[in-house]
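The next block holds one structure in the form of C-alpha cells; read it before the comments.
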Amino acid sequence: MGTHVIKMPDIGEGIAQVELVEWFVKVGDTITEDQVVADVMTDKATVEIPSPVSGKVLALGGQPGEVMAVGSELIRIEVEGAGNLQESASAPAAATQATAAPIMPAPAPAPEAAAPAPKATVAASAPYEPAPFVAREASERPLASPAVRKRALDAGIELRYVQGSGPAGRILHEDLDAFLRQPSTTSASVPGGYAKRTDAEQIPVIGLRRKIAQRMQDAKRRVAHFSYVEEIDVTALEELRVHLNEKWGASRGKLTLLPFLVRAMVVALRDFPQINAHYDDEAQVITRHGAVHVGIATQGDNGLMVPVLRHAEAGSLWSNAGEIVRLATAARTNKASREELSGSTITLTSLGALGGIVSTPVVNTPEVAIVGVNRIVERPMVVRGQIVVRKMMNLSSSFDHRVVDGMDAALFIQAIRGLLEQPASLFVE
Amino acid sequence: MHQTLNTTLLIIGGGPGGYVAAIRAGQLGIPTVLIEGQALGGTCLNIGCIPSKALIHVAEQFHQTHAHSQHSALGINVAPPTLDITQSVAWKDGIVDRLTSGVAALLKKHGVKVIHGWARIIDGKTVEVDGQDLRVQCEHLLLATGSSTVELPMLPLGGPIISSTEALAPTHLPKRLTVVGAGYIGLELGIAYRKLGVEVSVVEARERILPTYDSELTQPVAESLKKLGITLYLKHSVEGFDSTTQSLKVRDPAGEPLALTTDQVLVAVGRRPRTQGFNLEALDLKMNGSAIAIDAHCQTSMRNVWAIGDLSGEPMLAHRAMAQGEMVAELIAGKQRRFEPVAIAAVCFTDPELVVVGKTPENVQQEGLDCIVAQFPFAANGRAMTLESKSGFVRVVARRDNHLILGWQAVGVGVSELSTAFAQSLEMGACLEDVAGTIHAHPTLGEAVQEAALRALGHALHL
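Residue numbers (the numbering used here), protein chains in the order written: chain A, 37 to 465; chain X, 1012 to 1474.
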C-alpha cells in the first residue's frame, strides 16, 4: 500500500493561486482512475481535476471556496503499490497519515471537517426549509387533530398552508411549530395579504462570483475611469447589415452589430495604439499590442465572463461573427477554455436590447479601454433642416485616464462613429 | 312601562345547544341571559334522548327478566315479571329531574340569568318575554329553539294518535301499537314497547327500515325486529285513522287499502326546525330549507345573530348543538373558532345498536375515492358472545393510498359506546395502522374495532 498525492496543478499561465470550487469525493470514497475528484478555478476558467490513479481517498487538502497555492497538496489517495509519496513509501499504511500530516498545508482541516459541502453549512444556519409544498385546495380538508386545529385558529394560521409530516399528511404540533418559526409569506392570517418578511439568505461569495468581485474592486480602485458617451446614427449601418444578411445570411451566417463594431474598433485602433494596450501599473510599463484581441463581455449562468475574440484584425466580418457566437456559447455553458478566457487587449460590452441609454463600463484591467454598446432606437433627428426618423445608438465607453488622455479617447470614439455612420469606410483600406 | 334588561348575550332556548352556550359564555365572563319557555334541557333531557334511553333500559330489563322466566340458557329461573308502568315513568322522571335541575345549577353557578317564559323577537337586538312586561336588549342574539315533531295532516295528534313525547310518558301501555315511520325514533320506541309486551307494527313508506343507513348495516336490526315479533309494513303509505274501528288505514305497495287494528298510533316521521312562535319572521333571516342558514361560525345572515342546533338543520343531534353552542360563546368572547368537525357520530339505540361516524362505503363511492372497506363480525368476538350477542359487526372505511380512516360503522349490542373511539380516531386523523397498532383490552367489543383495522390491512387475527 502506498500513498498518492495529487498536487494543485498549474492550470493557468503564471497563476500562483487556484480556488477549490467543489469536491466530488469525500474521505473514505473508493475512486477509479480518471474519476473527477474536484473542480478548481482560476481566472474565470473552471477546470476538472481527474485522478491519475485508483484507490481510496485518505484526505482532502481544502474546503470549497479555499484559495490554494499551485503545487500544494490537493488530495491524498491510498493506492495499491508504491504511490508517489517518497517518505511514506516504505511505511505501513497506518503510519502514513501520521507522518504525512505535517506536510499538509497549514489551513488544511481534519479530513472529517473537510468533507461537508458548503450547502450543508448553509442548511445548518437556515431557519426552517420545508420541502416544496403547495397549499391545499380550499376544498381539501387539512388533516389535523382537534388540538392542533384549535391552536392554529388561535394563532390565525390557515392549516391549508401548513405541510403535514404525520401519517397520511397529518399536521402535527411540530409542523405548526415549524410553520410558526418559518419566515413565511403566508403566515399572515389573510391569504394574499402583505406579510412582513424577516428572512435572509446568506450566500458564500466563492468561485466565479468571488473572482468577479475581486476584479471589479481591483479595477475600480486602480483605474482612473473616464467615461465618454456619443450617439451614432446607425441607419446606414443597419441597412447594410440587413442587406448582407439577406444576401449572404443563408450561406455565411447571420451578422449582428457586434462584428461591425469589432471592425470599426480594429480600423480605429490603427490610429490609437495607446488604447489597444495593457498597463502594468506595478512595473510602470505600457504594452501596446499590434494584435487586436477583443474581449466580449458575456453573461454566463454564474456571472460575467469575458471570452476573447483573438486576432480580430485578421478576421472577416463573418469569421469574427461566427467566432463571437461560438465563444459566447462556450462561456455561457462554462465550456470556455482558459485560453479562450484570457489575453484580451480591449473589451466590448453589450447588453443588446437591454442596453439602455447610457452605461459606465468598468475597464477590464490591465486593458485601458472598454467600449459599451447601448440600445438602438428610432429617434427624430434633424438632417439638413428636416426632421427625419433615424436609427440611433449610443456608445458608452470607459478609459483608463491614467494612460489615455480624454482627447485621445474622444477622438477614438469619434473615429468609430465616423466609420459606423459611413459603413463603406469600414472596408476601405 | 317596559322593564328593560341589558345583556351582552341573549339565548333563546335552554336545550343542549342553548344551555351549553350559556355555561361557556358564563365561564368566559360574558353577561348572559337565557330564555326558556318550558323546562331547561330542551327536547333532549325532557322528551328525547334521556327519557327514551330510560324507557329502553326499562324495556330491556323487563324483556330479559321475561326471557329468564322462559327456560333461560343462563340458568336463571324467575317467575314471569309484571310491569308497573307508572313506577317506570316515575323512575324516568327522576332521572330527568336530576339532570334538568343539574343544568339549572350549572347555569346559576356560571352567572347565567335564566328567564322562564316565551320569547318574542322584536329585532336583532331586542326580545320581549311574553306576559312579563320584560324587554331584553342584547349585543348578541343566539337562537337555539330546537325542533319539533313533524305531524302528518291525516294523522292529527290527540287521543290514540301520539307523538314520541306521549310515548315516553305513558300512563298505561296499549295492547297494540302501530308506529308510523321506521326511522331511529320509531324503531327505538317500537322495540321498547315490544319488549314491554305490546304488539307492535311499524309502517314505513320506503322500502326498508332506517332508510338513511345502508342495508348491510340495518340487516341485523331487521332480523332482530323479526325475532321480537314486530310486524313490518314496508312501502305502505298511511291514509288516516278510523276511530270507530280503531284502525290505521294504509295502502299496500300494490295500492290496495288495508286496515291495521291498533290501540295507539305513534307518529315518528321526523323532526323539523322550530321556527314558529317567537316572531322569527321579524328578522327575515336567510333560510336553508326549513332551517336557518348558518356559516361555519353559526352566524346567520344578520350580524351578531347566531343559530345553533336543530334550528340550523341536519344533523339534528344534541352533541352537535352542544359543540356549536360552546363555539359561539367562544366566538363572542373574541376567540378564533370554526365549526369544522371531521365527523359527528350518529347513534341508533335500537336492538342491536347502530353507530355511524364519518363516511360510509356509499359516500366514498359517490365521491369516487378509492377506499378499503373491511368489517369484523361480532360472531368472532368473545365479549359479544358473553353478552349473548353474536349478530352485528364493526366496519371501517379507509383510503387505499395512505390508509387514512374516513369512517366507521358498527351494529351490535352496546356499540353506541364505540362511537367515542370512532369519532376520536377520525378527529385525530388516524390511519388503519394507528388503530391496528393500539392494544385494545380483552375481552371487549373494542377488539372488533382493532380487528376491523387489521382486516383492512389484510391480516385480521381472529378471522
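Don't be surprised by glycine CBs; every beta carbon is placed ideally from N, CA and C.
Hey, out of the options, whose CA is closest to residue i's CA?
i: A/Ile85; options: A/Ser461, A/Ile42 and A/Ser108; result: A/Ile42
i: A/Arg257; options: A/His437, A/Gln310 and A/Gln53; result: A/His437
i: A/Leu456; options: A/Gln71, A/Ala231, A/Pro343 and A/Thr271; result: A/Thr271
i: A/Gly326; options: A/Val198, A/Val302 and A/Pro343; result: A/Val302
i: A/Arg288; options: A/Ser355, A/Gln253, A/Val298 and A/Val419; result: A/Ser355
i: A/Val404; options: A/Pro309, A/Pro416, A/Met429 and A/Glu359; result: A/Pro309
i: X/Ala1340; options: X/Ala1385, X/Leu1045 and X/Thr1015; result: X/Leu1045
i: X/Glu997; options: X/Arg1285, X/Leu1051 and X/Ser1226; result: It is not possible to answer for residue 997 of chain X, since the shown part of chain X is limited to 1012 through 1474.
i: X/Ala1090; options: X/Ser1099, X/Thr1076, X/Val1249 and X/Val1100; result: X/Thr1076
i: X/Thr1137; options: X/Cys1149, X/Asn1088, X/His1082 and X/Asp1144; result: X/Cys1149
i: X/Gly1048; options: X/Gly1037, X/Gly1029, X/Cys1060 and X/Leu1066; result: X/Gly1029
i: X/Val1191; options: X/Lys1206, X/Thr1182 and X/Tyr1244; result: X/Tyr1244
i: X/Leu1198; options: X/Leu1207, X/Arg1282, X/His1183 and X/Cys1359; result: X/Cys1359
i: A/Phe435; options: A/Ala364, A/Val265 and A/Leu377; result: A/Val265
Using a C-beta to C-beta distance shorter than 9 Å, which residues of chain X count as neighbours of residue i?
i: A/Pro203; result: Asn1413, His1414, Leu1415, Gly1440, Ala1441, Cys1442, Glu1444 and Asp1445
i: A/Arg206; result: Leu1415, Met1439, Gly1440, Ala1441 and Cys1442
For residue i and residue j, I'd like the C-alpha separation in whole angstroms.
i: X/Glu1428; j: X/Gly1403; result: 15 Å
i: X/Leu1200; j: X/Arg1411; result: 39 Å
i: X/Ser1063; j: X/Lys1103; result: 9 Å
i: A/Leu447; j: A/Glu282; result: 34 Å
i: X/Pro1092; j: X/Phe1073; result: 7 Å
i: X/Val1375; j: X/Ile1383; result: 10 Å
i: A/Glu55; j: A/Ala105; result: 9 Å
i: X/Tyr1195; j: X/Leu1168; result: 20 Å
i: X/Thr1449; j: X/Trp1419; result: 16 Å
i: X/Ile1133; j: A/Ser181; result: 42 Å
i: X/Thr1361; j: X/Ala1070; result: 12 Å
i: X/Ile1241; j: X/Leu1188; result: 10 Å
i: A/Glu58; j: A/Gly388; result: 33 Å
i: A/Gly331; j: A/Ala231; result: 45 Å
Would you mind telling me which residues of chain X sit closer than 8 Å to residue i, beta carbon to beta carbon, in chain order?
i: A/Ala180; result: Gly1440
Identify the contact partners of residue i in chain X, using a Cβ-Cβ distance below 7 Å as the criterion.
i: A/Leu189; result: Gln1347, Arg1348 and Arg1349
i: A/Gly192; result: Gln1347
Verify the CB distance criterion: does residue i have a CB-CB separation below 8 Å to chain X?
i: A/Gly91; result: no
Provide the residue span of the alpha helix (DSSP H) that contains residue i, from first to last.
i: A/Lys43; result: A/Lys43 -> not in any alpha helix (DSSP H); beta strand (DSSP E) instead, spanning Gly38 to Lys43.
i: X/Ser1430; result: Leu1429 to Glu1438
i: X/Gln1075; result: Cys1060 to His1079
i: A/Lys256; result: Gly243 to Arg258
i: A/His209; result: His209 to Arg217
i: A/His279; result: Thr271 to Arg288
i: X/His1330; result: Ala1329 to Ile1343
i: X/Pro1231; result: Ser1226 to Leu1239
i: X/Ile1041; result: No alpha helix (DSSP H) contains X/Ile1041, which DSSP labels as neither H nor E.
i: A/Asn356; result: Leu353 to Arg368
i: X/Glu1444; result: Leu1443 to Ala1447
Name the two residues that bound the continuous beta strand (DSSP E) containing residue i.
i: X/Phe1387; result: Cys1382 to Pro1388
i: X/Met1165; result: Counting along the chain, X/Met1165 falls outside any beta strand (DSSP E), and DSSP gives it neither H nor E.
i: X/Lys1120; result: Unbroken run through X/Lys1120 is the alpha helix (DSSP H), Ile1096 to Lys1120; no beta strand (DSSP E).
i: A/Ala236; result: Here A/Ala236 belongs to no beta strand (DSSP E), and DSSP marks it neither H nor E.
i: A/Pro399; result: The question names Pro, yet the displayed sequence has Val at residue 399 of chain A. No beta strand (DSSP E) contains A/Val399, which DSSP labels as neither H nor E.
i: A/Leu96; result: Gly91 to Leu96
Closest Cβ-Cβ distance between residue i and chain A: below 8 Å?
i: X/His1013; result: no
Any beta-carbon of chain B closer than 8 Å to the one on residue i?
i: X/Ile1067; result: The chain inventory of the structure shown lacks chain B, comprising the protein chains A and X.
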